[in-house]
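In terms of UniProt numbering, the sequence shown is residues 1 to 491.
Even glycine gets a Cβ: it sits at the ideal position worked out from N, Cα and C.
Take a look at the structure below.
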Amino acid sequence: MKTANEIREFHNIINGNLISSSSGTRIESIDPSTGKVWATFPCSTSQDAESAVEAARAAFEEWSSRPAMERAAFLRQIGDLIIQHGEELAELETRDNGWVIKETSYGLIPSLASLWYDAAGATAVGSKGETVQLGPTSVGYTLREPLGVVVGVLPWNSPLFTFSIKAAYALAAGNTVIIKPSEMASIASLRYGELINKILPPGILNVVSGNGVEVGDTLVSHPGVNKISLTGSGGTARAIAQSIARKPKPMILELGGKSPNIVFADADLDKAAQGVTIYGIFSGNAGQLCVGGSRILIQRSIFDEMIIKMKEVIAQQIQLGDPMNPKSSMGPIANSSQYDKVCSYIELGKKEGGEVIIGGRHGGAALLPDDPQLADGYWVEPTLIKVNSNSLRICQEEIFGPVATVIPFDTEEEAIAIANDSAFGLGAGVWTSNLDRAHRMIRQLESGNVWVNLFRRVGPELPFGGQKDSGFGTDSILEYTREKTCYIEIG
Ligand code: NAD
Numbered sequence: 001m002k003t004a005n006e007i008r009e010f011h012n013i014i015n016g017n018l019i020s021s022s023s024g025t026r027i028e029s030i031d032p033s034t035g036k037v038w039a040t041f042p043c044s045t046s047q048d049a050e051s052a053v054e055a056a057r058a059a060f061e062e063w064s065s066r067p068a069m070e071r072a073a074f075l076r077q078i079g080d081l082i083i084q085h086g087e088e089l090a091e092l093e094t095r096d097n098g099w100v101i102k103e104t105s106y107g108l109i110p111s112l113a114s115l116w117y118d119a120a121g122a123t124a125v126g127s128k129g130e131t132v133q134l135g136p137t138s139v140g141y142t143l144r145e146p147l148g149v150v151v152g153v154l155p156w157n158s159p160l161f162t163f164s165i166k167a168a169y170a171l172a173a174g175n176t177v178i179i180k181p182s183e184m185a186s187i188a189s190l191r192y193g194e195l196i197n198k199i200l201p202p203g204i205l206n207v208v209s210g211n212g213v214e215v216g217d218t219l220v221s222h223p224g225v226n227k228i229s230l231t232g233s234g235g236t237a238r239a240i241a242q243s244i245a246r247k248p249k250p251m252i253l254e255l256g257g258k259s260p261n262i263v264f265a266d267a268d269l270d271k272a273a274q275g276v277t278i279y280g281i282f283s284g285n286a287g288q289l290c291v292g293g294s295r296i297l298i299q300r301s302i303f304d305e306m307i308i309k310m311k312e313v314i315a316q317q318i319q320l321g322d323p324m325n326p327k328s329s330m331g332p333i334a335n336s337s338q339y340d341k342v343c344s345y346i347e348l349g350k351k352e353g354g355e356v357i358i359g360g361r362h363g364g365a366a367l368l369p370d371d372p373q374l375a376d377g378y379w380v381e382p383t384l385i386k387v388n389s390n391s392l393r394i395c396q397e398e399i400f401g402p403v404a405t406v407i408p409f410d411t412e413e414e415a416i417a418i419a420n421d422s423a424f425g426l427g428a429g430v431w432t433s434n435l436d437r438a439h440r441m442i443r444q445l446e447s448g449n450v451w452v453n454l455f456r457r458v459g460p461e462l463p464f465g466g467q468k469d470s471g472f473g474t475d476s477i478l479e480y481t482r483e484k485t486c487y488i489e490i491g
């Protein structure tokens, strides 16, 4: 049991200072593995959000006028600092949202540092224009300029990654930044901002926690903000679009998904069984992944064989348990409202005629009876639900948890039709040994990212973005710049 004096307090970072909410109000952070409060953070006000915009605007001229190589040097130092504080940051991310420490330590932290190093290398690209000889005495060229103040609005499922990918490239381009973490998971972001502010001069990177409807809306609709990058739900994207409708500004939208993960009979079935279960959905943050392969499509001739293999892989490789234990491979659902949502979708799946073929149970007392500390945590078993139609709500709506539907298909054409029968278009997996088929699938799948014989790999080398209701734009240096066109007569 935690006692009150163990509860830690975290603060906003505005203009380089650690600051509480102007109202004095705080939000309790709940450890999802225990259901107990472990920290508090500011429930900021519109006034706090305005102070952050003021600080970011004031810092813009100084930061944007530095040579690109100087900005790059700062960003490399931030990458180094992340590695030095890797253990602390991994633990905070794990406590914030239950993502197992095995993944936050060994996978997440190095990937964050890579983003800052990559952004440092991209600063030159972000300031490069084009020159065109328009005639013997006239020349034209383009200048790339930073936009001004960028607001990054974060989700709860992956705070540090989304923080980094927005802030690193926006700063690299010469913008100043305000990060608004989710009210469901703000701690790791607040500490991350505090650490980054040990390196950057004041005002260049600010972090303000609080509710979306007050702090988030004040930031995105503020006339002093020039670009918004939201990672979140379609509902929030629509609310922001309405809020800025009278004075539109550019947005990057990284929204939800309902990714198909398609297994053909000619695939390496052992590899596929692991790919669609462990990498596809269950190991990554208990399925709370935008790209989670939550619709597993299996060719009918291998359907039963694959189910047996998938059951074996899950039994052998998924260890549900305390996310701070390095042996755990799947943690809890990140918060109580998401837990209720995931549980209600499992019940809905049964009502819709789905057959739960693996898992389906929930609750700490039922799933982890040997650890009473975890009894009130938000635990859900890895769950597979066999269905015969992709039109069910559990196949069409984003569940965002360790729950996948399993759908049989006969032909390649049918697999494509089922895969594309979705409002979303974020990720898709294809498991096949037929290269021609792989290329046909890549071209026909309506998805921002397609993985063949692997799933979920992302990195700074390639863009990551969505199609359809999964959003548009990618967090990259060019998206945080604008072009200015110049014509000169020199004759
Ligand atoms: P959410 O939309 O509820 O909240 C996201 C953020 O928006 C929060 O910080 C919230 O405070 C803020 N917000 C809410 N209303 C606002 C408003 N009116 N104005 C400004 N800000 C506002 O999303 P969530 O539940 O935190 O995150 C889960 C969603 O994010 C899922 O749909 C998931 O698929 C998606 N996601 C997408 C990606 C991707 O890269 N495509 C990555 C991770 C998560």
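Check: Residue range of the alpha helix (DSSP H) that Glu347 falls in?; Outcome: 336-351
Check: To the nearest angstrom, report how far apart Leu368 and Arg8 are at their CA atoms.; Outcome: 27 Å
Check: Run the proximity test for Trp156: is its beta-carbon closer than 7 Å to any non-hydrogen atom belonging to the ligand NAD?; Outcome: yes
Check: Between which two residues does the alpha helix (DSSP H) harbouring Tyr169 extend?; Outcome: 159-172
Check: Would you say Asp322 and Ser21 are within 8 Å of each other, going by their C-beta atoms?; Outcome: no
Check: For a test of your reading of the model: does the CB of Asp217 fall under 7 Å from any non-hydrogen atom of the ligand NAD? Yes or no.; Outcome: yes
Check: Quick check: what's the CA-CA separation for Ser344 versus Cys290?; Outcome: 19 Å
Check: Pick from Arg482, Ile488, His11, Gly491: whose alpha carbon is nearest that of Lys249?; Outcome: Arg482
Check: For Tyr192, report the span of its alpha helix (DSSP H) as first-last.; Outcome: 187-196
Check: Go to Trp63, then tell me how far its alpha helix (DSSP H) extends in each direction, as first and last residue.; Outcome: 46-64
Check: Work out the CA separation of Ala39 and Asp31 for me, nearest whole Å.; Outcome: 9 Å
Check: Straight-line CA distance for Val220 to Pro159?; Outcome: 18 Å
Check: State buried or exposed for Asn226, treating a residue as buried only when at least 16 other CB atoms are found within 10 Å of its CB.; Outcome: buried
Check: Within 7 Å: the Cβ of Pro159 and any heavy atom of the ligand NAD?; Outcome: no
Check: In whole angstroms, what separates the C-alpha of Tyr279 from that of Asp118?; Outcome: 25 Å
Check: Beta carbon of Ile227: closer than 7 Å to some heavy atom of the ligand NAD?; Outcome: Note on identity: in this sequence residue 227 is Lys, with Ile being the wrong assignment. No, since every heavy atom of the ligand NAD falls outside the 7 Å radius drawn around the Cβ of Lys227.
Check: Have a look at Ile204, Val458, Asp421, Ile78 and flag the residue whose alpha-carbon is nearest the alpha-carbon of Ala55.; Outcome: Ile204
Check: Between Gly331 and Tyr141, what straight-line distance do the alpha-carbon atoms span, to the nearest angstrom?; Outcome: 53 Å
Check: Sorted by chain position, which residues of the same chain lie with C-beta nearer than 8 Å to Ser391's C-beta, five sequence neighbours on each side aside?; Outcome: Asp421
Check: For Glu479 and Gly148, I'd like the C-alpha separation in whole angstroms.; Outcome: 12 Å
Check: Which of the three DSSP states is assigned to Lys2 in this structure?; Outcome: Low confidence applies to Lys2: its pLDDT is 41, below 50, so where it sits in the model is not reliable, and the reading given next is rough at best. Note: Lys2 maps to coil in three-state DSSP.
Check: Inspect the beta-carbon positions of Ala138 and Phe41 and report whether they are closer than 8 Å.; Outcome: Here residue 138 is Ser; the residue named in the question, Ala, does not match the sequence. Not in contact: Ser138 and Phe41 (Cβ atoms no closer than 8 Å).
Check: Out of Val458, Gly459, Asp436, Val430, which one is the CA nearest neighbour of Glu446?; Outcome: Val430
Check: Three-state secondary structure (DSSP) at Asp31?; Outcome: strand
Check: Determine the contact status of Ile357 and Ile314, defining contact as a CB-CB distance below 8 Å.; Outcome: no
Check: What is the DSSP secondary structure of Ser395, reduced to helix, strand or coil?; Outcome: Before going on, a small fix: residue 395 reads as Cys here, not Ser. Helix.
Check: Hey, is the segment 182-198 in contact with the segment 76-95, meaning 3+ C-beta pairs nearer than 8 Å?; Outcome: yes
Check: Quick one: what does DSSP say Lys327 is sitting in, helix, strand or coil?; Outcome: coil
Check: Name the DSSP bridge partner or partners of Asn206?; Outcome: Ile178
Check: Excluding five sequence neighbours on each side, which residues of the same chain lie with their C-beta closer than 7 Å to the C-beta of Val151?; Outcome: Ile178, Lys180, Leu219, Val220, Val225, Ile228
Check: Can you find a heavy atom of the ligand NAD that lies under 7 Å from the Cβ of Val220?; Outcome: yes
Check: By Cβ distance below 8 Å, which residues in the same chain neighbour Ala365 in space, the five residues on each side in sequence not counted?; Outcome: Ala375
Check: Which residue wins for smallest C-alpha separation from residue 502, given the options Val132, Ala52, Ser243, Glu194?; Outcome: In the structure as shown, the chain starts at 1 and stops at 491, and residue 502 therefore has no counterpart that could be examined.
Check: Output needed for Thr123: all residues of its chain with C-beta closer than 6 Å, excluding positions within five of it in sequence on either side, in chain order.; Outcome: Ala68, Arg71, Ala72, Ala172
Check: Within the continuous beta strand (DSSP E) that includes Gln317, where are the two ends?; Outcome: It is not in any beta strand (DSSP E) - Gln317 instead sits in the alpha helix (DSSP H) that spans 303-317.
Check: Figure out for me which residue from Met184, Leu195, Thr231 has the closest Cα to the Cα of Asn211.; Outcome: Met184
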